[in-house]
Amino acid sequence: MFDKVLVANRGEVAVRIVRALRELDVKSVVVYSDVDRDTLAVKLADETVCIGPGPAAQSYLRVESIIGAASSKGAQAIHPGYGFLAENAAFARVVADNDLVFIGPSPEAIEMMGDKNEARETMKRIGVPIVPGSDGPVTTPEEAAGFAEQVGYPVLIKASAGGGGKGMRVVESADQLASAFTAAKTEAAAAFTNDEVYLEKYLTRPRHIEIQILADTFGNTVHLCERDCSIQRRHQKLLEEAPSPALTPELRAQMGETALRAAREVSYTGAGTVEFLLDTDGRFYFMEMNTRVQVEHPVTEAITHTDLIKEQLRIAAGEPISFLDRVPLAPFGHAIEFRINAEDPDNNFWPSPGTIVGLTLPGGPGVRVDTHIYAGYSVPPTYDSLIAKLIVWGATRDEAIARGRRALGEFSIEGIKTTIPFHLKVLGEQDFVAGTVYTDFIETHVFA
Ligand code: ADP
Numbered sequence: 001m002f003d004k005v006l007v008a009n010r011g012e013v014a015v016r017i018v019r020a021l022r023e024l025d026v027k028s029v030v031v032y033s034d035v036d037r038d039t040l041a042v043k044l045a046d047e048t049v050c051i052g053p054g055p056a057a058q059s060y061l062r063v064e065s066i067i068g069a070a071s072s073k074g075a076q077a078i079h080p081g082y083g084f085l086a087e088n089a090a091f092a093r094v095v096a097d098n099d100l101v102f103i104g105p106s107p108e109a110i111e112m113m114g115d116k117n118e119a120r121e122t123m124k125r126i127g128v129p130i131v132p133g134s135d136g137p138v139t140t141p142e143e144a145a146g147f148a149e150q151v152g153y154p155v156l157i158k159a160s161a162g163g164g165g166k167g168m169r170v171v172e173s174a175d176q177l178a179s180a181f182t183a184a185k186t187e188a189a190a191a192f193t194n195d196e197v198y199l200e201k202y203l204t205r206p207r208h209i210e211i212q213i214l215a216d217t218f219g220n221t222v223h224l225c226e227r228d229c230s231i232q233r234r235h236q237k238l239l240e241e242a243p244s245p246a247l248t249p250e251l252r253a254q255m256g257e258t259a260l261r262a263a264r265e266v267s268y269t270g271a272g273t274v275e276f277l278l279d280t281d282g283r284f285y286f287m288e289m290n291t292r293v294q295v296e297h298p299v300t301e302a303i304t305h306t307d308l309i310k311e312q313l314r315i316a317a318g319e320p321i322s323f324l325d326r327v328p329l330a331p332f333g334h335a336i337e338f339r340i341n342a343e344d345p346d347n348n349f350w351p352s353p354g355t356i357v358g359l360t361l362p363g364g365p366g367v368r369v370d371t372h373i374y375a376g377y378s379v380p381p382t383y384d385s386l387i388a389k390l391i392v393w394g395a396t397r398d399e400a401i402a403r404g405r406r407a408l409g410e411f412s413i414e415g416i417k418t419t420i421p422f423h424l425k426v427l428g429e430q431d432f433v434a435g436t437v438y439t440d441f442i443e444t445h446v447f448a
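For the sequence shown, the residue numbers in the working numbering are 1 to 448.
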């Protein structure tokens, strides 16, 4: 195992990684920007380095500062968390060029999966079902219209370099196509400095089902069951659960094997997630692969009794996956994650940064809170609004829901608005309790 690892991230995930490092007796170096001086990861770290001002481009995305910090502190490896540089193949290369270990897959695997269009081609080649889509990038509105006529509306314009729902536009009818095409391209150019887009058939009422995988350097590849992330607002996840109420053991095995086939094709190592859409007839389609740990990884940890961050560290250090004797894993009980964002759900989820004047965290059996906040902490307006994740586990889905209600009720964050009341509303919906949720759930229920 490593002696010292640099954490190239912030917020709750930085805390999560520091905790895993401490349990493995590895020293942590946390880098931070000016505005993150008071965050919990900085307080918990063994060593810290300020790498610049608040804007991410001048700190968390600044490769030379991060490499410089790792070298000056004598770290052997860099954990990128999620977001920022986590899926940046060029960064992974620079890390390796500096004789450091990038805790993640190879730059080649990141590249192959990072371009969604290319990833679709790869999947098609190995017989993994993909959503019907344009053959490669679409460059003109006329070409887009041609595809849409062929598969029928609605269609979805997607950025090849996409992520976080950016550069994505649903088009319901021909008259909206040209303006949506331009808008998607402009948004993609701004977000990813790459305006390439392609088209997919827009599936109606799918579920978002993703498979967590791990692959070590000894050729062991395992899947850790699925997560159901169908509760989304504007294609962004808000609540995730595992296992999915929609999957049978047979479908789980089939999707799990498909995800592993995708991973093996790109010689994947480390933790990764293969995302699928599942239609109402039980057919599934590859959407993309995320080559990093995900925000919602704790629900998987809860139902498989694993620690994904420690597995990432072990794999990067050249050790095998630690639980091969338990494979194939079956889900044990049920877990739900609630993303607590500093946003006002009554005002269109408008960001609500500011000082937390009072904080009561929930606890008791089956309750986990991953957060970097504390009473007196000021949530800066500079970064994304995720301030905590509440994860509940129950022996059954009903128990997990009851525990979620109980824990959300105990959770009190004073001074700013949060998504806690929103989650309580979701748990109050009959369709959620019955497990019949699709990606349009929020539009059709909570705010209907
Ligand atoms: P991003 O990487 O930007 O988050 P994804 O490709 O992961 O984008 O898609 C995000 C969400 O958008 C999915 O979870 C799903 O709800 C919706 N989505 C994506 N592709 C389709 C599609 N072809 N049909 C219907 N919904 C889709």
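Beta carbons: idealized from backbone N, C-alpha and C, even for Gly.
- By the Cβ test, the segment 316-328 is not in contact with the segment 375-382, since fewer than three Cβ pairs between them sit closer than 8 Å.
- With distances taken between CA atoms, LEU214 lies nearest to GLN294 out of ASP38, ALA145, SER412 and GLN294.
- In this structure LEU324 is exposed. Its beta-carbon is surrounded by fewer than 16 other beta-carbon atoms within 10 angstroms.
- Ranked by how close their Cα comes to the Cα of ARG339, the residues GLY363, ILE315, ASP370 and GLY366 have ASP370 in first place.
- Here GLU343 is buried, its C-beta having at least 16 other C-beta atoms within 10 Å.
- Membership of ASP370 in the beta strand (DSSP E) is indicated by the continuous run 367-371.
- Sequence-distant Cβ neighbours of ILE67 in its own chain, meaning closer than 6 Å and more than five residues away, are ASN98.
- Contact between the segment 48-65 and the segment 293-311 is not established, with fewer than three Cβ pairs separated by less than 8 Å.
- The ligand ADP never approaches PRO129 closely enough for any of its heavy atoms to be under 7 Å from the residue's Cβ.
- By the 16-neighbour rule on beta-carbons within 10 angstroms, VAL128 is buried.
- A residue is called buried when at least 16 other Cβ atoms come within 10 angstroms of its Cβ; GLY219 does not meet this threshold and is exposed.
- With at least 16 other beta carbons inside 10 angstroms of its own, SER385 counts as buried.
- Shortest gap from the CB of LEU100 to any heavy atom of the ligand ADP: 7 Å or more.
- Counting along the chain, ALA263 sits inside the alpha helix (DSSP H) bounded by residues 249-265.
- Residue pairing by DSSP puts PHE338 in a beta bridge opposite LEU239 and LEU390.
- With a cut-off of 8 Å on Cβ pairs, the segment 84-102 is not in contact with the segment 324-336, counting fewer than three such pairs.
- Counting C-beta pairs with one atom in each stretch, the segment 132-152 and the segment 193-202 have three or more that are closer than 8 Å, which means they touch.
- Judged by DSSP secondary structure, ARG22 falls within the alpha helix (DSSP H) whose first and last residues are 11-23.
- Not one heavy atom of the ligand ADP is found less than 7 Å from the C-beta of GLY114.
- In terms of Cα proximity to PHE102, the closest of GLY114, HIS79 and VAL131 is HIS79.
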